[in-house]
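Letter by letter, the sequence shown follows residues 6 to 303 in our numbering.
Notes follow once the structure below has been shown.
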Amino acid sequence: KNRDDVYYWICERKSQKETKCIARATTIRTGDQHKIHKFDAQQHNHAPEASKPEVLKACIQMKELGQISNDQPARIINDVIATTSREIQPCLPRKDAVRQQIKRARRVCDEELEPKTLDDFKLPDAYSITLNGTHFAKNITEGTERILLFTTAENLKWLQEAKFWIMDGTFKTVPTLFRQLHSIHAPAARNVNFRIVPLVYALMTMKSKELYEKLFQELNEMAEEHELELKPDFILTDFEQGSINAVKSEFPSAQSKGCHFYLGQSVYRQIQDAGLTKKYGTDQNFSLLIRHISALAF
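And the structure:
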């Protein structure tokens with residue numbers, strides 16, 4: 006604590022049960038410098054730690070690198086440890102603890118940098134260019150709404166070859182300025198051992214039919230620029246009416262299919278809205294009849 010330019014210090018081990026060190030010091034601040042006014046090293050009841058300054062320096066370096074680098078915390082930790090002496094390394098905090106410190110530092114940094122309005126939102130180049138230098142981000146506006154579209158020409162080629170697409174949206178892991186992260190998945194291989202992978206990501210401020218149509222129109226235009234044509238046979242979606250109507254409007258040759266998992270969720274939401282949750286949980290016959298609805302898909 007301090008009183009004007011006089012600062013009072015206690016040993017960092019004062020609160021430790023093993024030592025409860027009573028050492029104190031007083032300094033007087035002059036400009037940016039502190040001059041020791043009163044200090045008795047004999048008050049310390051424990052041995053000094055010669056490694057402490059180097060350990061603190063390494064920890065600060067890890068946190069600072071975590072804020073300015075996109076590397077994984079494990080890599081940052083290993084890189085910093087590699088620059089420290091062997092004598093210091095055993096004194097460093099556990100890697101799990103440092104990893105949490107880096108994550109907390111990044112969260113604080115992200116909160117400070119997160120824009121408050123769409124006008125303030127600017128996508129850095131580092132997040133709009135792939136590792137091989139290809140641009141894969143596109144900023145789309147529709148009135149007051151906005152879409153950030155992420156895909157590549159190579160991904161569009163896979164979409165062109167795919168007979169079916171799978172669309173999904175998540176609402177929990179998006180920036181506060183956006184409503185959802187919409188993704189389009191499709192097979193990415195030319196043999197039977199294909200994998201379903203995400204090929205398009207789109208941050209959207211709304212989930213209206215009009216904004217979905219704008220998204221699909223932009224995809225079609227991007228495909229045309231690369232002499233591609235997007236004409237899937239089937240498009241699998243959840244039961245959101247806006248996306249279903251937009252699919253029918255922009256991809257008229259594709260059959261719109263509903264996901265069975267989301268069908269089950271939709272049926273249960275109807276049960277909740279109708280006030281039948283308790284009956285569904287206690288009446289076995291009623292519960293079985295309701296589950297037959299989802300079984301009709303087969």
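For every residue, glycine included, the Cβ atom is placed at its ideal position computed from N, Cα and C.
What you are looking at is a predicted structure, and each value in this text was computed from that prediction instead of being measured.
Three-state secondary structure (DSSP) of residue i
i      : result
Val85  : helix
Ser254 : helix
His187 : strand
Pro192 : strand
Pro237 : coil
Pro203 : strand
Asp173 : strand
Val60  : helix
Ser292 : helix
His49  : coil
Gly263 : strand
Leu161 : helix
His231 : coil
Thr146 : strand
Leu301 : coil
Ile15  : strand
Gln222 : helix
Ile27  : coil
Thr242 : strand
Thr282 : helix
Arg274 : helix
Arg34  : strand
Per-residue burial, residue i [other beta carbons within 10 Å of its own, 16 or more giving buried]
i      : result
Leu301 : exposed
Asn160 : buried
Val202 : exposed
Thr88  : exposed
Tyr13  : exposed
Val113 : exposed
Pro58  : exposed
Gln47  : exposed
Ile249 : buried
Ile189 : buried
Lys293 : The residue asked about is misnamed: residue 293 is Leu in this sequence, not Lys. That one is exposed.
Val197 : exposed
Pro78  : buried
Ala55  : exposed
Short Cβ contact (7 Å threshold) for residue i with residue j
i      : j      : result
Ile27  : Val11  : no
Tyr267 : Asp243 : yes
Leu233 : Asn225 : no
Leu241 : Ile171 : yes
His187 : Met211 : no
Asn50  : Thr24  : yes
Thr156 : Val205 : yes
Arg151 : Leu123 : yes
Gly71  : Arg111 : yes
Val103 : Ile73  : no
Lys284 : Phe291 : yes
Ala194 : Ala167 : no
His231 : Ala158 : yes
Leu154 : Lys162 : no
Gln106 : Lys62  : no
Gly247 : Ser213 : yes
Ile252 : Ser258 : First, the residue type needs correcting, since residue 252 is Val and not Ile in the sequence shown. Cβ atoms of Val252 and Ser258: not closer than 7 Å.
Sequence-distant residues of the same chain with beta carbon closer than 8 Å to residue i, five excluded per side
i      : result
Gln222 : Glu255
Glu147 : Glu215, Leu216, Lys219
Ala175 : Looking at the sequence itself, residue 175 is Thr, so the reference to Ala does not match. Around Thr175: Gln185, Leu186, Ser188.
Same chain, Cβ closer than 7 Å to residue i, neighbours up to 5 away in sequence not counted
i      : result
His2   : Outside the shown range of the chain, which is 6 to 303, sits residue 2, and nothing can be said about it.
Gly269 : Ser299
Phe126 : Pro120, Leu182
Residue i Cβ short of 6 Å to the ligand ADP heavy atom set
i      : result
Glu147 : In the structure shown, the ligand ADP is absent, as is every other ligand, since no ligand is present at all.
Cβ shell of residue i (< 6 Å), same chain only, five flanking positions each side left out
i     : result
Lys19 : Cys26
is_contact[residue i, chain E] using C-beta, thresh 7 Å
i      : result
Arg111 : Of the chains in the structure shown, none is chain E; there is only one protein chain.
| task | Report yes or no: do three or more beta-carbon pairs, one from the stretch 131-139 and one from the stretch 77-97, lie closer than 8 Å? | result | no
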